[in-house]
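Let me begin by presenting the structure, written as structure tokens, before commenting on it.
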Amino acid sequence: MVLPPEQAAAAAFLNNVMGKLFQALGLVETYKMLRDLELESESLLQDLRMLAAAVDDELTGPKGDRRTAVARAYSSEMRALTHDVEDCIERFVHRVTGGGLEGASRLRRAVHTVGMLRTCYRFASEIKRLKKRVQEVRARVLKPLEGGGVGGQPSGSRPAAGPRAVDHAARSPVGIEKPMEELLALLDLDLGQRQPEGQPQPPSQAQPRVIAIVGFGGVGKTTLARAVHDAAPVAGAFPCRAWVAVCSPEDGDATGILENIHQQLLPGQQYSESSLTKFLRDKRYLIVIDDVDDIDEEQWDTITPAFEGNGEGGRIIVTTTFRPTANRRSDANGCVYKMRTLGMRNSMTIALRGRCAAELMRGSETLLKKCDGLPLALVSVARQLSSEDEPTGKFCSELCSKLGSYLEREDSEPNFARLRDVLIDNYTSLSDLSVRTCLLYLGMFSIDRPLRKSVIIRRWLTEGYARSEDITLSEQSVANGNFKTFIDRNIIMPVNISKNADVKTCKMHGIMHEFLLHRSMCEKFIMCSRTPRDKIVRHLFVHGDVGSDTNSTTTWNMDLSRVRSLTVRGSGGGAISDFCKYKLIRVLDLEECTDVKDSHLKKICKLWNLRYLSLSHKITRLPKEIAKLKLLETLALSKRVVTALPVEVVGLPCLINLIGKFKVLVQDWKSSGELSNWKNCAETVSWRP
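All residue numbers for the sequence shown refer to my numbering, where the first residue is 1 and numbers rise by one.
Shown next as structure tokens:
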């Protein structure tokens, strides 16, 4: 099933926002009316937990299940309700805890008390209204689920998928020569060299070896394994060959796999593991097990003894999407081969199929960049282009604009069915909805340059999406674990790795990014400034140039008061014209904004809920008003220019990360007594006194 990000929003609500609520309630517990309010809030919490659990059960069904439009509506309503509850509580917490009364007169304290009572009464009324909405949603959601689902396919059924990559690529694989040469070398063969049967092997090469081919779905693992299996040098060097495809968990049964191999190598004979082991003991064999992801550790440990005791240089090739699986399968005496995507020339060969009209090549450039060298994506595009009498650059541009819909909608173009299943399965197979939401969140970042891991982690933490029901896990460890999960599954790829093997920068497959971006926008989780379909926006990103529609007033006909994050690349235009519109914003990323100026900062400093602020090199000086950002955790300044830093920055009570190049007036800091707070900052890139 295609999953929305409601559970992660709910998780942030359950684990973070409700905690703040009860803490805030403790501050006003003297008010009698809040006794009932706390009970109402606890009841609301329980109802939301039940809803979150029901949605999670429904949306993490057997592999291959797909949601209907009704299920989409249920989950979307659940998430919208959760956001509304979050908004209500955060406003209340701010009003209760926002103003200090130290040194205030008795009259001012009395006025404040009256104001607080009014706030509490309004909050109580709003909580009761929201509770009623929760009960209504609960009735609509849980009743159909208890009755057997919301209209999806029967449990365990799998829609017909498009042909596997091997069906198209085996006929005319493109760009496979170099990978074949490298894989044959791992088999101790040279391309074009025929090694006679029985040729003595060095002791290190004579033992059975497992070679794991690992890569993202659709990158061509099966195609490469098939090409090597069928290559003439392999046929000569390995007289005994077998191919086993594991297409589902049912196919991952050890006995079934061994029976399949036995039938191919010893046709017509009664199967027994001992007879297979005895037959293979003195044979040079090549066994290919395609897609070992559905073979668990216990089953694999049952399979491997059948290949032990071979001294003739037997080889086993396995394909997998997961790096840890590849490492485990090849651990004893083997190696891992990491697949690479294709370059632009080979991409054009596959997608355009020899068409070379200048207008077509120009019009297809953006489309091919989105495919990002992924063979299955290129083949899907080629099939779509072939449906036209004469494909044009204009048709490619239209296809490019519809690509996200084709990848995400299950009733969409059949030419993208196989690719769609690969992307959806990569997404739905993640362990829980919180992890899936962290992945969806990456859709708002541009993919034309590497992403910094540190930025990703900090933003997850700031948004409250890196949380777990396991109270022994810190938010930092959860965020790091989610990032590692995406690396292990080849959803995102390392670009720059430090000496201690820690990933510093990464990138995502272009086609996966397109899928996530469209899914996020359909679920109203994030919104692009160029397609403002809804008035209420939670996560907004602006990728604009000077003179683009980011400056159009019609673009901003939306409610910005509920925006939680704003990410700007290029011209911010109307998005940064009035920061007072952002009432609840937590994340403000202006690192690549070209038109933000020092004059914007005074309004930015009024954003009371701001936790993350990243500024571009256009900013040269921070105002003293930054002291108002009491909740600010991360302040990222440009590393290209030196920014004047006021002493008030280090006095911020929640500041953890202070990043960039900046200068300070040490004398002012010493006189203020704030210099001792410097040690509270976890990260400081550079500073100049």
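We treat Cβ as the ideally placed atom computed from N, Cα and C, and that holds for glycine. Just so we're clear, the structure is a prediction, and the values are computed from it rather than from any experiment.
Determine the burial state of R164: buried for a count of at least 16 other Cβ atoms within 10 Å of its Cβ, exposed for fewer.
Because R164 sits at a pLDDT of 48, beneath the cut-off of 50, its placement in the model cannot be relied upon, and the following sentence gives the value as read from the coordinates. R164 is buried by the Cβ-count criterion.
Using a Cβ-Cβ cutoff of less than 8 Å, which residues in the same chain neighbour V596 once the five nearest sequence positions on both sides are dropped?
V568, G572, I576, L590, L615, S616, K618, I619.
Along the beta strand (DSSP E) that carries I287, what are the first and last residues, could you check?
Start and end: 285–290.
Can you tell me which of the three DSSP states I585 falls into?
In the structure shown, I585 sits in coil (DSSP, three-state: anything other than H, G, I, E or B).
Given a threshold of 16 other Cβ atoms within 10 Å of its Cβ, counted over all protein chains shown, does P173 qualify as buried or as exposed?
Classification of P173: buried, given that the 10 Å Cβ count is 16 or more.
Apart from the five residues just before and just after I289, which ones in its own chain have a Cβ nearer than 6 Å to its Cβ?
Excluding sequence neighbours, I289 sits near V244, V318.
Would you say the segment 212–226 touches the segment 374–384, given that touching needs at least three Cβ pairs under 8 Å?
Taking 8 Å as the limit for Cβ pairs, the verdict is that the segment 374–384 does touch the segment 212–226.
Helix or strand or just coil, what does DSSP make of K394?
Three-state result, K394: helix.
On the three-state DSSP scale, how would you describe N310?
In the structure shown, N310 sits in coil (DSSP, three-state: anything other than H, G, I, E or B).
Who pairs with T634 in a beta bridge, going by DSSP?
DSSP output for T634 lists Y612, N657 as bridge partner(s).
Quick one: residues in its chain with C-beta nearer than 6 Å to the C-beta of K583, no 5 flanking neighbours on either side, listed in chain order?
So the qualifying residues of the chain are S561.
Could you give the residue range of the alpha helix (DSSP H) that holds Y441?
Element bounds for Y441: 433–441.
Can you check whether the CB of L622 is closer than 8 Å to the CB of L645?
Their beta carbons are under 8 Å apart, which means L645 touches L622 by this criterion.
In terms of DSSP beta bridges, what is V503 paired with?
V503 is bridged to I497.
Under a Cβ-count criterion, where at least 16 other Cβ atoms within 10 Å of its own Cβ denotes burial, should Q384 be classed as buried or exposed?
Under this definition Q384 is a buried residue.
Pick out whichever of M521, Q476, K369 has its Cα sitting closest to the Cα of L440.
The candidate whose alpha carbon is nearest that of L440 is M521.
Can you check which of these residues, Y337, R436, S386, T428, is closest to S468 by C-alpha distance?
Taking only the C-alpha atoms, the option nearest S468 is R436.
Please look up how many angstroms separate the CB atoms of A691 and S330, rounded, as I've assumed it's under 8 Å.
Beyond the ends of the chain as shown, which are 1 and 689, falls residue 691; an answer cannot be given.
In chain order, what residues of the same chain lie with their CB nearer than 6 Å to the CB of F445, ignoring the 5 residues before and after it?
Only L451 meet the Cβ criterion.
Name, in chain order, the residues that DSSP records as bridge partners for G544.
For G544, which the question treats as bridged, DSSP gives the partners G570.
Report the residue ranges of all alpha helix (DSSP H) runs contained in full by the segment 294–378; include only those spanning at least 4 residues, in chain order.
Counting whole runs of 4 or more residues, the segment 294–378 contains the alpha helix (DSSP H) stretches 297–303, 323–329, 344–352, 358–363, 365–371.
Give me, in chain order, the residues of the same chain whose beta-carbon lies closer than 6 Å to that of V306; leave out the 5 immediate sequence neighbours on both sides.
Reading off the sequence, residue 306 comes out as Ala, not Val. Excluding positions up to five away in sequence, the list reads L258, E273, L276, T277.
Rounded to whole angstroms, what's the CA-CA distance from H600 to F579? Just pull it up for me.
Answer to the nearest angstrom: the Cα atoms are 8 Å apart.
Drop a sphere of 10 angstroms on the beta-carbon of M344, count the other beta-carbons inside from all chains shown, and report buried for 16 or more, exposed for fewer.
Classification of M344: exposed, given that the 10 Å Cβ count is below 16.
In this structure, what does DSSP give as the bridge partners for V214?
Paired residues: T320, K338.
Is the segment 409–422 touching the segment 391–398, taking contact as three or more C-beta pairs under 8 Å?
Touching, no.
Does the Cβ of C593 have 16 or more other Cβ atoms within 10 Å, making it buried, or fewer, making it exposed?
The residue in question, C593, is buried, as its Cβ has 16 or more Cβ neighbours within 10 Å.
Starting from D559, follow its DSSP beta bridges and name the residues at the other end.
Its beta-bridge partners are I536.
So, at 8 Å on beta carbons, what are the nonlocal neighbours of L607 in its own chain, with the 5 sequence-adjacent residues on each side left out?
Taken in chain order, the residues that qualify are F579, Y582, I585, L588, L629.
May I ask you to report which of helix, strand or coil DSSP gives E591?
If DSSP states are grouped into helix, strand and coil, E591 belongs with the strands.
For L101, count neighbouring C-beta atoms within 10 Å of its own C-beta (all shown protein chains included) and say buried if the count is 16 or more, exposed if not.
Here the model assigns L101 a pLDDT of 48, short of 50, so the residue's position is not dependable and the matter cannot be decided.
Let me check understanding here. Comparing Cα to Cα, which of G651, V478, M512, K283 lies closest to M493?
For the residues G651, V478, M512, K283, the minimum Cα distance to M493 belongs to M512.
Decide if R459 is buried, meaning its Cβ has at least 16 other Cβ atoms within 10 Å, or exposed.
Counting Cβ neighbours within 10 Å, R459 comes out buried, since at least 16 surround it.
Give me the residue from L473, P233, H509 with the minimum Cα distance to F486.
Per the Cα distances, H509.
So, A466 versus C506, is the Cβ gap smaller than 8 Å?
Cβ atoms of A466 and C506: not closer than 8 Å.
Taking I176 as part of the alpha helix (DSSP H), name the residues at either end of that continuous run.
Note, I176: premise wrong, no alpha helix (DSSP H); not H, not E.
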